[in-house]
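Quick note, this note's numbering runs 186 ahead of the 1-based positions in the sequence shown. Yeah, the Cβ is synthetic: ideal placement off N, Cα and C, and Gly gets one too. Data block below; observations after.
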Amino acid sequence: MRKNMDVPAAIHTYGNGQPWQGYANWPTSPPLSSYATAAPSCPPPGYQCPNKSMQNAPMTVGLVAPPSMGVAAPPLAPPPPTAGHWHQQHQTSWGPPPNHFNGVLYESNPDPAFRSNPQSPQGGSGSQPDTRVLSPSSESRYGLDPQHLPSAVQGIEEDREEWGGKVFLSEPGCPLPPLATTDCTVEDRGNASPRFIRCTTYSFPSEGMTAQQSHLPLGAIVTPFAKLEKGEHPLPVCPGTADKGCVPGCSGCGAYMCPFMTWQDCGQRFFCPFCGKLTEVPWQYYQPTNGQGQRVDSDHKPELSLGSYDVLELHTGQSAGLLLALDVSSVAVKAGQLDLICQQLRSLLSSLSREEGGDQSDLRVGLMTYDSRLHLYDLSPTLSRPHMLIFTDTAELELPLWDGLLVPLKDSRDCIDSLLQQIPQLAAESDEAPSSQELPVQAGLKILEAVGCPGKILVFHSAPLTETTLKHSSSGFFSSSKPKSLFQPTEPCISLSKACASQGCSIHLFLFTQQDVGGSWPGHTPYMTGGGVYSYSRLQTEVDREQLMCDLRRCVGTETAYRAELKFFVSKGLRVSGFYGTFTPGPNSAHISLAALDWRTALAVQFTHCGPLDEKRGVVIQVALSYTSSQGERKTRVHSLTMPCSHHLTDTFRNCQSQTLLSFYCKRMYSAVLERPLQEVREELQTEVTEMLASYRRHCSSTSVSPGQLVLPQFLKALPVYVNSLRKSEVLLPGLHSSVIQRQQLRSQIVSMDIKNTATQFYPLLLPLPVSSEPLGTLSVVQTVRCSALNLNPGGLYLAHCPLSLLLWVGQCVPSQTLLQLFNTACFSLLPSGQVCLPVLENPLSISVRKFIDNLQSQAPYTLKLQVVKQGDTSEEALLHLLVEDKSPNGGASYADFLYHLHVNSLRLLV
187 MRKNMDVPAA
197 IHTYGNGQPW
207 QGYANWPTSP
217 PLSSYATAAP
227 SCPPPGYQCP
237 NKSMQNAPMT
247 VGLVAPPSMG
257 VAAPPLAPPP
267 PTAGHWHQQH
277 QTSWGPPPNH
287 FNGVLYESNP
297 DPAFRSNPQS
307 PQGGSGSQPD
317 TRVLSPSSES
327 RYGLDPQHLP
337 SAVQGIEEDR
347 EEWGGKVFLS
357 EPGCPLPPLA
367 TTDCTVEDRG
377 NASPRFIRCT
387 TYSFPSEGMT
397 AQQSHLPLGA
407 IVTPFAKLEK
417 GEHPLPVCPG
427 TADKGCVPGC
437 SGCGAYMCPF
447 MTWQDCGQRF
457 FCPFCGKLTE
467 VPWQYYQPTN
477 GQGQRVDSDH
487 KPELSLGSYD
497 VLELHTGQSA
507 GLLLALDVSS
517 VAVKAGQLDL
527 ICQQLRSLLS
537 SLSREEGGDQ
547 SDLRVGLMTY
557 DSRLHLYDLS
567 PTLSRPHMLI
577 FTDTAELELP
587 LWDGLLVPLK
597 DSRDCIDSLL
607 QQIPQLAAES
617 DEAPSSQELP
627 VQAGLKILEA
637 VGCPGKILVF
647 HSAPLTETTL
657 KHSSSGFFSS
667 SKPKSLFQPT
677 EPCISLSKAC
687 ASQGCSIHLF
697 LFTQQDVGGS
707 WPGHTPYMTG
717 GGVYSYSRLQ
727 TEVDREQLMC
737 DLRRCVGTET
747 AYRAELKFFV
757 SKGLRVSGFY
767 GTFTPGPNSA
777 HISLAALDWR
787 TALAVQFTHC
797 GPLDEKRGVV
807 IQVALSYTSS
817 QGERKTRVHS
827 LTMPCSHHLT
837 DTFRNCQSQT
847 LLSFYCKRMY
857 SAVLERPLQE
867 VREELQTEVT
877 EMLASYRRHC
887 SSTSVSPGQL
897 VLPQFLKALP
907 VYVNSLRKSE
917 VLLPGLHSSV
927 IQRQQLRSQI
937 VSMDIKNTAT
947 QFYPLLLPLP
957 VSSEPLGTLS
967 VVQTVRCSAL
977 NLNPGGLYLA
987 HCPLSLLLWV
997 GQCVPSQTLL
1007 QLFNTACFSL
1017 LPSGQVCLPV
1027 LENPLSISVR
1037 KFIDNLQSQA
1047 PYTLKLQVVK
1057 QGDTSEEALL
1067 HLLVEDKSPN
1077 GGASYADFLY
1087 HLHVNSLRLL
1097 V
């Protein structure tokens, strides 16, 4: 017999800890019969779409229980557990409070460790997998109204209203920066722009004990080459110290000059906030100080007045190279892609010459083909035609010569174009067996080493993938007693990646094979070197051919930094305790290496107290990235930032932002899966957030708060929905249909994303489109709705967008005239589903929607293919993973249920 339980009420609070009376009388858990079947993906045809203005309404409206649910008496907090009970149960268990009915509400999960916890809201022990394509239920198992919970959409919209189109002055003592999802202009006034570096809090605890009590991670997200918006000034380039340009930095720790060095003795020496030592200023760089203690030339030197600048160290004269490697084995020739690939490459190189101003391009290009042998081509302009060098012994590859293997495009453009025309004909009669995709990588690395330049290697592989590296290594998955992870790269991959990092070699692998390779994934080396993996379905469709051309343009045209060395400097009293992302470890904990990086690359760094902080001086952080540009210039990019520190935890929590914490947690947890079990990682994430909220409730609530009230910091109200989405992502919680290959690809792509793309990945944009010819605004103007099936109107069109997906959901009740204007067909059943290109129709609706989609695709870090999803169609399953507020197909809890358990478990920690 089921017993009713009083569910605690929830109350929002702002940064001052004052509870906001809003969530009283939460309804009791609904009868089990109400969950007999999963809720449809959208409301029935007669359903009216909720008023969008409700998203921005003040959250003071009490929840109203559905007619079928009884409302409990005044809400009560769950009774505190006894000491004996507490020792038997993990502190952050998903187990419900006493007197709770363990009903079968969720699909089962294949993970045995997951099934061992029958009370987890991610799945019930007695649940049976449903083979139907069902949408996640938007209902809460506790009867909570999801639409009245804290909204990530509302927080984003409020920030856009405050900062959208305005100028944010990044200077010491400035307020919290706008969210990463808000489009605004940033002006550097001494602090590095938040586009380059954002901290998990902008008020660090001054004591290590205080930091431990907060359970808040102290760290930063660094995007050294973040894109600048229109109206923002590019970073100034200062001459190096060898040219008597930039003022030298600290002689003690090696930190670069920044506005936060304190001048003494009229400018003869300065105090370094990173190591606490005094440095004498060489007489060549001396300038006196003014009455404010600043040098009189501060306004004329970027290193003395700006938070970010570049230093030109030297010019190597070796511009970056581009090596193209084509698979010409019999398998590749029979598949028919070789001719199409060569055509695309010819078009790409021709466009590069035009974009660079004809023969002024400094890009150097090399070409190789491979089957069971390796073919290199001497492209020297002095030769009448290219010479081919054939290597049959590829085990111990040695280059007899390297001159002509990498030549300036401006000198050999016609020669390369002619060779690309001939390669399909030369390979037409080939009967050679395919080789490993790693052969051209090893050959390309030797060419770059011989020439002495960094560069990119583009491998176009059509044959089935092989695992040759595993045959030469004894460190396989089952060869050691050390725990292994499916995400772990092999030792040969790590060795090859380190060699590429030292040379500045970035690998980009283009795959044209559909073979299921099981646990073998070729993406470890590409992603560890700042490259990537691009997969295609044999280029038989126009969508695939367009995607290949877009991928090639992005890959070759993106400005890239090579052979990068990143050093972190922090105030005395702090130390760098960890890096998270894709990199090669350096000689110490504050130094890492990267083969290549661009505007999409972001890293997370964590700090730990090693002593008290001076509240008068605050905290100073500096990132120094030494790199080689595509033009062969060796530069150092410096980002410096200062912020206050405080012994009050209220200040620490008041200066946090959910999106930055989400990005930090994502990078740390996605890095942890390389060595630790998934369930352990999920539990750690849940534990940290639970302890953080409990700490805020204990130390920052200035008034008496009843146990039945949910207390959240002002700018962390959206953190639970972000964390829940991260916790139930495919990487951390695989579903019944999850592929190991897809999860490895997802992890590698997401772990390097910046804050804006990470936030959008875990809380996608759900954008309602007009069903008439009314004009569609820009991305910053279109009103988004919450990611729940409750917000899908059968009579509407919705774009679901995240950095890795772009879906167009079409409801069954969309007017036929709208279908005709957009898809050139008036019948819903005849609409194509899957990856499509919208027809080019000359009507206002079609033009507006296609322009809006093009805008989304241009801003995405990866090439996105539009996928049409029809209501009630099997293709609708792709949308379920993006409705992150609902229960997920892989068994992940809904937002309402996760928030409830987060609240209950945080209360238990206060007992």
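Beta-carbon within less than 6 Å of residue i's beta-carbon, same chain only, minus the 5 sequence neighbours each way: which residues are those?
i, result
"N1029", "Q1007"
"R749", "P640, G690, T814"
"V408", "I383, L789, V809"
"A1012", "S1002, L1005, L1006"
Please report the residue range of the alpha helix (DSSP H) in which residue i lies.
i, result
"T876", "864 to 886"
"A1082", "1081 to 1095"
"E343", "338 to 349"
"R786", "First-last for R786: undefined, no H or E at that position."
"C385", "No alpha helix (DSSP H) holds C385; the beta strand (DSSP E) holding it covers 383 to 385."
"C370", "From DSSP, C370 is part of no alpha helix (DSSP H); its letter is neither H nor E."
"D1040", "1030 to 1045"
"G630", "625 to 637"
"L682", "677 to 689"
"Q900", "No alpha helix (DSSP H) contains Q900, which DSSP labels as neither H nor E."
"S934", "926 to 936"
"S857", "844 to 858"
"Q947", "941 to 948"
Which term fits residue i, buried or exposed, when burial requires 16 or more other beta carbons within 10 angstroms of its beta carbon?
i, result
"Y563", "buried"
"L1065", "buried"
"R571", "exposed"
"Q1003", "exposed"
"N979", "buried"
"V909", "buried"
"K520", "exposed"
"K853", "buried"
"T367", "buried"
"W469", "exposed"
"S389", "buried"
"T448", "exposed"
"Y766", "buried"
"N943", "buried"
"D579", "exposed"
"H486", "exposed"
Kindly list the residues whose CB is nearer than 7 Å to the CB of residue i, restricted to its own chain and excluding five residues on each side of it in sequence; keep chain order.
i, result
"T278", "Below a pLDDT of 50, predicted positions are generally treated as unreliable, and T278, at 34, falls in that range; the measurement from the model is reported next regardless. Excluding sequence neighbours, T278 sits near E869, Q872, T873, T876, N1091."
"H273", "Unreliable positioning characterises H273 in this predicted model, as indicated by a pLDDT of 32, which lies under 50. The coordinate reading is nonetheless provided below. Same-chain partners within the cutoff: there are none."
Just curious, the beta strand (DSSP E) that residue i is in, first and last residue?
i, result
"P425", "423 to 425"
"H501", "494 to 501"
"Y556", "550 to 556"
"K642", "641 to 647"
"S491", "Counting along the chain, S491 falls outside any beta strand (DSSP E), though it belongs to the alpha helix (DSSP H) covering 488 to 491."
"Y713", "Looking at the DSSP string, Y713 is not in any beta strand (DSSP E); the run it does join, the alpha helix (DSSP H), is 710 to 714."
"L951", "951 to 955"
"A406", "405 to 408"
Using a Cβ-Cβ cutoff of less than 8 Å, which residues in the same chain neighbour residue i once the five nearest sequence positions on both sides are dropped?
i, result
"F839", "G201, T387, S400, L402, Y882, C886, P899, L902"
"V423", "Y495, D496, V497, L498, K821"
"S1032", "Q1007, L1008, L1024, P1025, V1026"
"Q546", "Caution applies to Q546, whose pLDDT of 40 falls short of 50 and renders its modelled position unreliable; the model cannot decide the point."
"S505", "D548, L549, R550, C639, S816, Q817, G818"
Determine which residues share a DSSP beta bridge with residue i and list them.
i, result
"P391", "S832"
"W449", "F456"
"Y720", "F696"
Considering only heavy atoms of the ligand MG, does any lie closer than 6 Å to the CB of residue i?
i, result
"L992", "Absent from the structure shown: the ligand MG. Ligands present: none."
When you compare the CB of residue i with every CB in chain D, is at least one pair closer than 7 Å?
i, result
"K1073", "Absent from the structure: chain D. Only one protein chain is present."
> What are the start and end residues of each continuous beta strand (DSSP E) run of 3 or more residues lying completely inside the segment 798 to 825, in chain order?
Replying inline: 805 to 814
> Which full runs of the beta strand (DSSP E) of 3+ residues lie inside the segment 584 to 612, going along the chain?
Replying inline: none
> Considering only residues of the segment 975 to 1020, which uninterrupted alpha helix (DSSP H) runs meet the minimum length of 4 residues and lie entirely inside it, listed in chain order?
Replying inline: 1002 to 1009
> Going along the chain, which unbroken runs of the beta strand (DSSP E) with 3 or more residues stay wholly within the segment 732 to 800?
Replying inline: 747 to 756, 760 to 766, 777 to 783, 789 to 795
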